[in-house]
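Visitor: Following this message is one structure expressed as structure tokens.
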Amino acid sequence: MAIILECTNEVLASTAKGLKSGALLGMPTETVYGLAGDAENADAIARIYKVKERPQNHPVIVHIGSLDHIDLWAREIPEYAHLLARDFWPGPMTLVLQRTALAKDFITGGQETVAIRIPAHPIALKLLNSFHAFGGKGLAAPSANRFGAVSPTSAQAVEAELGQYLDESRDVILEGGSSLVGLESTIIDCTGNHPRILRPGAITAEMVRNATGLKVEDFTFKEINKSADGRSDDSRSDNKDEEIRVPGSLENHYSPKAEVRVNCDAKKGDGFIALVHVQTPEGAIRLASPKDLDEYARILYQTFRAADAQKISRIVVIAPEGDGLALAIRERVTRAAR
Ligand code: TXA
Ligand code: MG
Numbered sequence: 010m011a012i013i014l015e016c017t018n019e020v021l022a023s024t025a026k027g028l029k030s031g032a033l034l035g036m037p038t039e040t041v042y043g044l045a046g047d048a049e050n051a052d053a054i055a056r057i058y059k060v061k062e063r064p065q066n067h068p069v070i071v072h073i074g075s076l077d078h079i080d081l082w083a084r085e086i087p088e089y090a091h092l093l094a095r096d097f098w099p100g101p102m103t104l105v106l107q108r109t110a111l112a113k114d115f116i117t118g119g120q121e122t123v124a125i126r127i128p129a130h131p132i133a134l135k136l137l138n139s140f141h142a143f144g145g146k147g148l149a150a151p152s153a154n155r156f157g158a159v160s161p162t163s164a165q166a167v168e169a170e171l172g173q174y175l176d177e178s179r180d181v182i183l184e185g186g187s188s189l190v191g192l193e194s195t196i197i198d199c200t201g202n203h204p205r206i207l208r209p210g211a212i213t214a215e216m217v218r219n220a221t222g223l224k225v226e227d228f229t230f231k232e233i234n235k236s237a238d239g240r241s242d243d244s245r246s247d248n249k250d251e252e253i254r255v256p257g258s259l260e261n262h263y264s265p266k267a268e269v270r271v272n273c274d275a276k277k278g279d280g281f282i283a284l285v286h287v288q289t290p291e292g293a294i295r296l297a298s299p300k301d302l303d304e305y306a307r308i309l310y311q312t313f314r315a316a317d318a319q320k321i322s323r324i325v326v327i328a329p330e331g332d333g334l335a336l337a338i339r340e341r342v343t344r345a346a347r
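Reading the sequence shown from the start, the letters are residues 10 to 347 in the working numbering.
This is how it looks when you write it as structure tokens:
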């Protein structure tokens, strides 16, 4: 087990120091909680993979506390990536860039690129800066869930998900409240002539277009248009490298224990999630009624968890229509349903 700690200055310093000597941390961020370890420490990263039961070739995001540290991890950063960083960091955006020698294969899954994010949660930022003061260069942090499961959006969810696999003598979880965004960061591939969205999130294609003035390729849109049996009409998914590059394409992602069905009729006893103006079908159990897309994103994963805790066996989700955050929500629930 690992204990949940309130983030006092003392706890902050001891946690940062612990990370430098190989401890792991359940770290609050504004998107979802991460399981963080020193991105330079192969043993710590190996333990993250073990705790998560994550396949080895799956790359992780390096979190840094300041733009001053980006050149440690990435090189040949295009101008448009600087524009994105200026507009959306700290925030729910991850940039995929050419790696430096510091980003070892155990971070990038053997690829020549590295994913980097500056999170906006005040505790994550304080911690990253404290970690830096102890000589740390960045924290690798995948979402703090078992592989394929729903990302945690509270410290309690991290404890329930991973607590039993952590080492209570050194690993900790920091209390940071409920994650404000509730969905994982937007991942943008910045290795080409123009930005390419690999995973949709709160930073939308339109925001990326406006910030860069460039055409934005939205790879994720093709992804969610896959046929129900999971096959894609996009020939790129047949490519092994691409499978690693595109998050979530290896298996079901974001899945609760309950079966998830999207936009279908709910039967008696089914859990039901929809925007507030959508009526609850007779006999269904209303799990959430978000009033807008922000709230929908924020409560989705916690609602999946609550449904599992209530032993609901099937959840019907009426997914929001439209681009932007609606697309990100649709992508998550579509994957959860696979
Ligand atoms: O919001 C988030 O991004 C959260 C918080 C904790 O920061 N983190 C997160 O990490 O969602 P994770 O590991 O669950 O998802 C990161 C995704 C992976 O699916 C991986 O495929 C992709 O990022 N990724 C990492 N490095 C990459 C790279 N070099 N190229 C393409 N995709 C990469
Ligand atoms: Mg994840």
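Just so you know, even glycine gets a beta-carbon here, dropped at the ideal spot from N, CA and C.
Here the structure is a predicted model, which means the values were calculated and not measured.
Could you tell me the alpha carbon to alpha carbon distance between Tyr89 and Ala142, rounded to whole angstroms?
Guide: The alpha-carbon atoms of Tyr89 and Ala142 are separated by roughly 30 angstroms.
Visitor: Taking the alpha helix (DSSP H) that Ala124 belongs to, which residues open and close that run?
Guide: Counting along the chain, Ala124 falls outside any alpha helix (DSSP H), though it belongs to the beta strand (DSSP E) covering Thr122 to Arg126.
Visitor: Let me know if Gly201 comes out buried or exposed under the rule of 16 or more other beta-carbons within 10 Å of its beta-carbon.
Guide: Answer is exposed; the Cβ neighbour count stays below 16.
Visitor: In terms of alpha-carbon separation, which member of Ser75, Glu170, Asp96 and Leu171 lies closest to Ser125?
Guide: In the sequence on display, residue 125 carries Ile and not Ser. Measuring from the Cα of Ile125, the nearest candidate turns out to be Ser75.
Visitor: Please state whether DSSP places Glu252 in a helix, a strand or coil.
Guide: Because Glu252 carries a pLDDT of 43, less than 50, the predicted location of this residue cannot be relied on, and the following value inherits that uncertainty. Correct three-state label for Glu252: helix.
Visitor: For the candidate residues Thr213, Pro204 and Glu170, whose alpha-carbon lies nearest to that of Lys354?
Guide: Residue 354 falls outside the range modelled here, since the chain spans only 10 to 347, and no answer is possible.
Visitor: Leaving out the 5 sequence neighbours to the left and right, which residues in its chain are closer than 7 angstroms to Asn18 when beta-carbon positions are compared?
Guide: Excluding sequence neighbours, Asn18 sits near nothing in its chain.
Visitor: From Ala306 to Ile196, what distance separates their C-alpha atoms?
Guide: Spanning the two alpha carbons is a distance of roughly 16 angstroms.
Visitor: For the 8 angstroms Cβ check, are there 3 or more pairs between the segment 29–40 and the segment 181–197?
Guide: Verdict: yes, contact present.
Visitor: Could you tell me whether the segment 115–130 touches the segment 170–184, using the rule of 3 or more Cβ pairs below 8 angstroms?
Guide: Contact fails: fewer than three Cβ-Cβ distances are below 8 angstroms.
Visitor: According to DSSP, what are the bridge partners of His72?
Guide: According to DSSP, which records beta bridges pairwise, His72 is partnered with Arg126 and Leu148.
Visitor: Measure the CB-CB distance between Ala211 and Val271 and report whether it falls below 7 angstroms.
Guide: Not a contact, by the Cβ cut-off of 7 angstroms.
Visitor: Comparing the CB of Ser178 with every heavy atom of ligand 2, is any distance shorter than 6 angstroms?
Guide: No - ligand 2 has no heavy atom lying nearer than 6 angstroms to the Cβ of Ser178.
Visitor: With hydrogens ignored, establish whether the beta-carbon of Ser163 is closer than 6 angstroms to any heavy atom of ligand 2.
Guide: No, Cβ of Ser163 sits at least 6 angstroms from all heavy atoms of ligand 2.
Visitor: Nearest to Asp332 by CA position, among Ser264, Ala316, Glu215 and Thr221, is which residue?
Guide: For the residues Ser264, Ala316, Glu215 and Thr221, the minimum Cα distance to Asp332 belongs to Glu215.
Visitor: Contact between the segment 51–64 and the segment 147–159 is defined here as three or more beta-carbon pairs at a separation below 8 angstroms; is this criterion met?
Guide: Yes: the two stretches touch, three or more of their Cβ pairs being nearer than 8 angstroms.
Visitor: From Gly29 to Ile127, what does the alpha carbon distance come to, in whole angstroms?
Guide: In the sequence under discussion, the amino acid at residue 29 is Lys, which differs from the Gly named in the question. Computed Cα separation, rounded: 19 angstroms.
Visitor: Taking only three categories from DSSP, how would you classify Glu39?
Guide: The answer is coil: DSSP assigns Glu39 none of H, G, I, E or B.
Visitor: Express the C-alpha separation of Tyr263 and Lys146 in angstroms, rounding to a whole number.
Guide: For Lys146 and Tyr263, the distance between alpha carbons rounds to 29 angstroms.
Visitor: Within its chain, find whatever has a CB closer than 6 angstroms to the CB of His91; leave out the 5 residues flanking it on each side and keep chain order.
Guide: So no residue of the chain qualifies.
Visitor: So, Leu21 versus Val181, is the Cβ gap smaller than 7 angstroms?
Guide: Cβ atoms of Leu21 and Val181: not closer than 7 angstroms.
Visitor: Kindly indicate which three-state DSSP category Val326 falls into: helix, strand or coil?
Guide: Here Val326 sits in strand by DSSP.
Visitor: Determine whether the beta carbon atoms of Trp82 and Thr122 lie at a separation below 7 angstroms.
Guide: Taking 7 angstroms as the Cβ cut-off, Trp82 and Thr122 do not qualify as a contacting pair.
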